[in-house]
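Enquirer: Protein chains in written order, with full-length UniProt numbering: chain R, 1 to 267; chain A, 1 to 261. Don't be surprised by glycine CBs; every beta carbon is placed ideally from N, CA and C. Since the structure is predicted, the reported quantities are computational estimates derived from the model, not experimental observations.
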Amino acid sequence: MEKQLTKKDLNKLFWRLQSVRVTLNYETMQAPGFMRAIAPVLQKFYPDKEDLAEAMKRHNTFYNSHVVGNAIILGISAAMEEITTTPEDKEGVIALKTGLMGPLAGIGDSLLKFTWVPIIGSIGASLALNGSILGPILMFVLFNIVNMGGKYFGLVYGYEKGIDFFTKTEDNTIIQRISSMANVVGLMVVGSMIASSVKINTILEISAGENVIQLQEMLDTIMPNFLGLLVTIIVYNVLKKTSGKHSALIIISIMAISVLLKYLGVI
Amino acid sequence: MTTLLLTLWAFICGVDDATTQMLRRPLMICFVTGIIMGDIKQGLLIGATLEIMWMGIGNVGAYMAPDIVSGSIISCALAISSGGGIAVATTLAVPTSILAQQLLILWETINVSLNPWAQRLAENADVEGTNWLIYPPMLLIGFIRAAPTFIAIKFGSGAIQNIVDSLPTTLLDGLSASGKIIPAVGMALLMSVMIKEGKMWIYLILGFVLSSYLSLAVLPIALIALAFALLHDQSNHNGALKKQAAQTVVSDFSNEEEYDL
Chain R
1 MEKQLTKKDL
11 NKLFWRLQSV
21 RVTLNYETMQ
31 APGFMRAIAP
41 VLQKFYPDKE
51 DLAEAMKRHN
61 TFYNSHVVGN
71 AIILGISAAM
81 EEITTTPEDK
91 EGVIALKTGL
101 MGPLAGIGDS
111 LLKFTWVPII
121 GSIGASLALN
131 GSILGPILMF
141 VLFNIVNMGG
151 KYFGLVYGYE
161 KGIDFFTKTE
171 DNTIIQRISS
181 MANVVGLMVV
191 GSMIASSVKI
201 NTILEISAGE
211 NVIQLQEMLD
221 TIMPNFLGLL
231 VTIIVYNVLK
241 KTSGKHSALI
251 IISIMAISVL
261 LKYLGVI
Chain A
1 MTTLLLTLWA
11 FICGVDDATT
21 QMLRRPLMIC
31 FVTGIIMGDI
41 KQGLLIGATL
51 EIMWMGIGNV
61 GAYMAPDIVS
71 GSIISCALAI
81 SSGGGIAVAT
91 TLAVPTSILA
101 QQLLILWETI
111 NVSLNPWAQR
121 LAENADVEGT
131 NWLIYPPMLL
141 IGFIRAAPTF
151 IAIKFGSGAI
161 QNIVDSLPTT
171 LLDGLSASGK
181 IIPAVGMALL
191 MSVMIKEGKM
201 WIYLILGFVL
211 SSYLSLAVLP
221 IALIALAFAL
231 LHDQSNHNGA
241 LKKQAAQTVV
251 SDFSNEEEYD
261 L
């Protein structure tokens, strides 16, 4: 079947996609923005005003995902509105959106926010620390190739192939597989960044008779950056216990404890 | 003039953060802040430090993280103007980001009033009208970033300078040291999102060892990680397939036995 949306329509969707998140609110999250983004497409599919109102109301329901997830879901929703004919099938788009928004947000977060941003952030930061203006510029370019490129590709792919890809029964584990692969890459990057960016040096000395042993030197020979790893694991456990709600409080506690340790001459 | 430019920059970054999301990291924000303040070098240094410090910070689901956009502009500008450099920037970044975060929560609450409007537009099938839906929240988010920046730069500069001068060095050194420990919170936040089962810990340790003992940079480690991700997926996937295959073989076998009997 010939697809109805032209390249111009898709470009319009892409432009409207950019402002979906600005309507973020505690009641329906990004619903008004999503409805606004897809409205011109709906207008094209439904010449009748009653049908159009139904369709717009359908897309003004609770919705929240990652920005690249938004692109894919917007593409799939447009395709769904185009191919479905009965009212029951049309309502199915809500279930499809609700089913995809969580997993896609998860993949988007772990790939873009928690893997790509740390990688380019640490490359950019190391250049900038040497005083090179290439640092921020390179980070800007690399970030937006994935950010903007991902949104555009996600939208077009979602519209053209999305329905087959995400509703094929034999491949229903694909989202889970991608996100667990993203987690492996993400965790290795996080592990390396614990070593490179969490820095604690103790100036404590242990005097054993005549000999004075520098504690930090001793730790470094066994495992470099051990204290950083230890603190990170402690913070991780505190976060787990409090289900991640008190990160600001933990940051302030770290500041207070650092001043105290400095005062006591430990670090 | 500088104050107005910084306010404008905060407005632009504020709107961008809620829409196109092209500039939302400290390194890029502080670079331009440094240009406006006339000290590119400090802008780069502070940007790089804050970038690492806030590495794992990001909104996850409905959780709103500290607002690093306003926090970066304010702390970077005040650190440069007071001459305090990185130590002042890291110290100011935390309270300013946390205060600005409260304004974001307010913004998200005010945005609830968009819903009746959107509902009315949908009922009237008013596609033209939806164009306007995004402008009030866009102006509001820009204002929410610009106003604190203006106030902080206009009235904060002198005050910050006095405070920095009067603080004991132990306190400043301690806060400066904490700037290198705070990244642990970001890392721990990332871990709590990504560690879904016990065996995932081994990848964290692997990354740590490659960096700590072998001093590899992030990019090579990410490339090595790709190989491990593929192997991880293959073993999981093959495991699942084998289990399936084993079950079918067993059931075939029992069928045959029945047939023999």
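Got a sec: which bits of the segment 138 to 152 of chain R sit with their beta carbon under 8 Å from any beta carbon on chain A, in order along the chain?
Expert: Listed in sequence order: 139, 140, 143, 144, 147 and 148.
Enquirer: If you drop the 5 nearest sequence neighbours on each side, which residues of the same chain put their C-beta closer than 6 Å to that of residue 67(A)?
Expert: So the list reads 97, 100, 101 and 104, once near-sequence residues are dropped.
Enquirer: Can you give, in chain order, each stretch of the alpha helix (DSSP H) that sits fully within the segment 167 to 206 of chain R and has at least 4 residues?
Expert: Taking only runs of at least 4 residues, the alpha helix (DSSP H) segments lying wholly in the segment 167 to 206 of chain R are 174 to 197.
Enquirer: Threshold first: 4 residues or longer. Then list the alpha helix (DSSP H) segments lying entirely within the segment 167 to 192 of chain A, N to C.
Expert: Runs of the alpha helix (DSSP H) inside the segment 167 to 192 of chain A: 169 to 181.
Enquirer: Please report whether the beta-carbon of residue 56(R) lies at a distance below 7 Å from any beta-carbon of chain A.
Expert: So yes, residue 56(R) belongs to the interface.
Enquirer: Among 45(R), 199(R), 152(R) and 140(R), which residue has its Cα nearest to the Cα of residue 83(R)?
Expert: For the residues 45(R), 199(R), 152(R) and 140(R), the minimum Cα distance to residue 83(R) belongs to 45(R).
Enquirer: Quick check: the Cα distance between residue 126(R) and residue 49(A), rounded to an integer number of angstroms?
Expert: Those two C-alpha atoms are separated by around 9 Å.
Enquirer: Name the DSSP beta bridge partners of residue 214(R), please?
Expert: According to DSSP, which records beta bridges pairwise, residue 214(R) is partnered with 205(R).
Enquirer: When the cut-off is 7 Å and only beta carbons count, does residue 36(A) lie next to chain R?
Expert: No, because no Cβ of chain R sits closer than 7 Å to the Cβ of residue 36(A).
Enquirer: Take every Cβ of the segment 91 to 99 of chain R, pair it with every Cβ of the segment 51 to 66 of chain R, and state whether three or more of those distances are shorter than 8 Å.
Expert: Yes: at least three Cβ pairs fall under 8 Å.
Enquirer: For residue 56(R), name the three-state secondary structure that DSSP assigns.
Expert: In the structure shown, residue 56(R) sits in a helix (DSSP, three-state: H, G or I).
Enquirer: Could you tell me whether the segment 13 to 32 of chain R touches the segment 113 to 121 of chain A, where touching means 3 or more Cβ pairs closer than 8 Å?
Expert: Enough Cβ pairs lie closer than 8 Å, so yes.
Enquirer: If you check the beta carbons only, do residue 20(A) and residue 18(R) fall under 7 Å apart?
Expert: Against a cut-off of 7 Å, the Cβ pair of residue 18(R) and residue 20(A) comes out as a contact.
Enquirer: In the DSSP assignment, what residue or residues form a beta bridge with residue 25(R)?
Expert: 29(R).
Enquirer: Could you give the DSSP three-state label for residue 236(R): helix, strand or coil?
Expert: If DSSP states are grouped into helix, strand and coil, residue 236(R) belongs with the helices.
Enquirer: Residue 91(R) lies in the alpha helix (DSSP H); which residues open and close that run?
Expert: Run containing residue 91(R): 87 to 108, per the alpha helix (DSSP H) assignment.
Enquirer: Using DSSP bridges, identify the partner residues of residue 213(A).
Expert: Answer is none; residue 213(A) lacks a bridge partner.
Enquirer: Pull up the distance between the alpha-carbon of residue 248(R) and that of residue 57(A), whole angstroms please.
Expert: Straight-line Cα distance between these residues: approximately 11 Å.
Enquirer: What residues of chain A sit near residue 62(R), judged by a beta carbon separation below 8 Å?
Expert: Chain A residues near residue 62(R): none, gap ~10 Å exceeds 8 Å.
Enquirer: From residue 263(R) to residue 170(A), what does the alpha carbon distance come to, in whole angstroms?
Expert: Distance between the alpha carbons of residue 263(R) and residue 170(A) is about 6 Å.
Enquirer: Can the beta-carbon of residue 75(R) be found less than 7 Å from the beta-carbon of residue 155(R)?
Expert: Cβ atoms of residue 75(R) and residue 155(R): closer than 7 Å.
Enquirer: Please list, in chain order, all residues of the same chain as residue 39(R) whose beta carbon is under 7 Å from its beta carbon, the five residues on each side excluded.
Expert: Contacts found: 56.
Enquirer: Between residue 150(R) and residue 139(R), is the Cβ-Cβ spacing less than 7 Å?
Expert: Taking 7 Å as the Cβ cut-off, residue 150(R) and residue 139(R) do not qualify as a contacting pair.
Enquirer: Residues of chain R with CB under 7 Å from residue 238(A), in chain order?
Expert: Chain R residues near residue 238(A): none, gap ~12 Å exceeds 7 Å.
Enquirer: If you draw a straight line from the C-alpha of residue 55(A) to the C-alpha of residue 70(R), how long is it?
Expert: Roughly 24 Å between the two C-alpha positions.
Enquirer: How would you call residue 185(A), buried or exposed, if buried means at least 16 neighbouring beta carbons within 10 angstroms?
Expert: Counting Cβ neighbours within 10 Å, residue 185(A) comes out buried, since at least 16 surround it.
Enquirer: Would you call the segment 72 to 84 of chain A in contact with the segment 4 to 24 of chain R, where contact means no fewer than 3 C-beta pairs closer than 8 Å?
Expert: The segment 72 to 84 of chain A vs the segment 4 to 24 of chain R: no contact.
Enquirer: Grab me the residues of residue 189(A)'s own chain with a C-beta within less than 6 Å of its C-beta, minus the 5 sequence neighbours each way, in chain order.
Expert: For residue 189(A), where only same-chain residues beyond five positions count, the Cβ hits under 6 Å are 56.
Enquirer: Can you give me the C-alpha to C-alpha distance between residue 196(A) and residue 145(R), rounded to a whole angstrom?
Expert: Computed Cα separation, rounded: 29 Å.
Enquirer: Does DSSP put residue 63(R) in a helix, a strand or coil?
Expert: Strand.
Enquirer: Note down the Cα distance separating residue 208(R) from residue 111(R), rounded to an integer number of angstroms.
Expert: Approximately 50 Å, taken between the alpha carbons.
Enquirer: Among the residues of its own chain, which have a CB less than 7 Å from the CB of residue 37(R), if the five just before and after it don't count?
Expert: Only 13, 16, 17, 20 and 74 meet the Cβ criterion.
Enquirer: For a test of the three-state rule: what should DSSP assign to residue 5(R), helix, strand or coil?
Expert: Coil at residue 5(R), not helix or strand.
Enquirer: Compile a chain-ordered list of the residues in the segment 2 to 22 of chain A whose CB is closer than 7 Å to at least one CB of chain R.
Expert: From the segment 2 to 22 of chain A, only 18, 19, 20, 21 and 22 have a Cβ closer than 7 Å to chain R.
Enquirer: With a cut-off of 8 Å on the beta carbons, I'd call residue 187(A) and residue 194(R) a contact; round off their distance for me.
Expert: Confirmed, Cβ separation roughly 5 Å.
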